[in-house]
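For what it's worth, the numbering used here labels the leading residue of the sequence shown as 1, then goes sequentially. Ideal Cβ positions, reconstructed from N, Cα and C, are used throughout, including at glycine.
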Amino acid sequence: MIIPASLRDYSFIAANMNEADWLEIACQIPEGTHTTELAAWCVSGREAWTATVRDQPLAAFGIHDMTPARNVCSLWMWGTRDSWRAVPSIERFVRDECGSRWLDEGVTRIECRSDLRHSAAHRWLRRLGFAE
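The structure is reproduced here in structure tokens:
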């Protein structure tokens, strides 16, 4: 199930983040950043959601604006070691609920960053239609 993001859920997911996601994020944030700081920043983005399975928060995902015009965004996702269980619902949600709405809102480009070694992230991005 996809629900609006909350600091409580994001703090839980961040504290239990899988190693590949943490390695990907850690190189992009200041050293010493606490997981609750990451959670608070991500909740405050343009749009943020939590993917749950059986009421357990497994993945955090959303978009942040990259330009003042709000036409270029960054799509991101990170989760617990069990986040793979929520990936199909996240993919459906982004594709079916968000894509055309973002176009209607004037988004012309969506970017994603992934670590070269994070093969699961690359598979997810390819399924969403992103190219390297």
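Assuming residue i and residue j make a contact with CB atoms under 8 Å, what is their CB distance in whole Å?
| i | j | result |
| --- | --- | --- |
| residue 39 | residue 11 | 5 Å |
| residue 91 | residue 128 | 6 Å |
| residue 46 | residue 29 | That belief does not hold up - the Cβ atoms of residue 46 and residue 29 are roughly 18 Å apart, past 8 Å. |
Would the beta-carbon of residue i fall within 7 Å of that of residue j?
| i | j | result |
| --- | --- | --- |
| residue 20 | residue 118 | yes |
| residue 13 | residue 48 | no |
| residue 58 | residue 86 | yes |
Give the DSSP-derived three-state secondary structure of residue i in the structure shown.
| i | result |
| --- | --- |
| residue 82 | coil |
| residue 106 | coil |
| residue 6 | coil |
| residue 50 | strand |
Spatial neighbours of residue i within its chain, please: CB distance less than 8 Å, with the 5 preceding and 5 following residues excluded, ordered by chain position.
| i | result |
| --- | --- |
| residue 84 | 120 |
Taking Cβ positions only, does residue i come closer than 7 Å to chain B?
| i | result |
| --- | --- |
| residue 5 | Chain labels in this structure do not include chain B; a single protein chain is all it has. |
Can you find the residues in the same chain that come closer than 6 Å, C-beta to C-beta, to residue i, ignoring five residues on each side of it along the sequence?
| i | result |
| --- | --- |
| residue 43 | 5, 7 and 10 |
Quiz item: Is the region 93-101 touching the region 65-72 in the sense that three or more CB pairs, one from each, lie closer than 8 Å?
Solution: no
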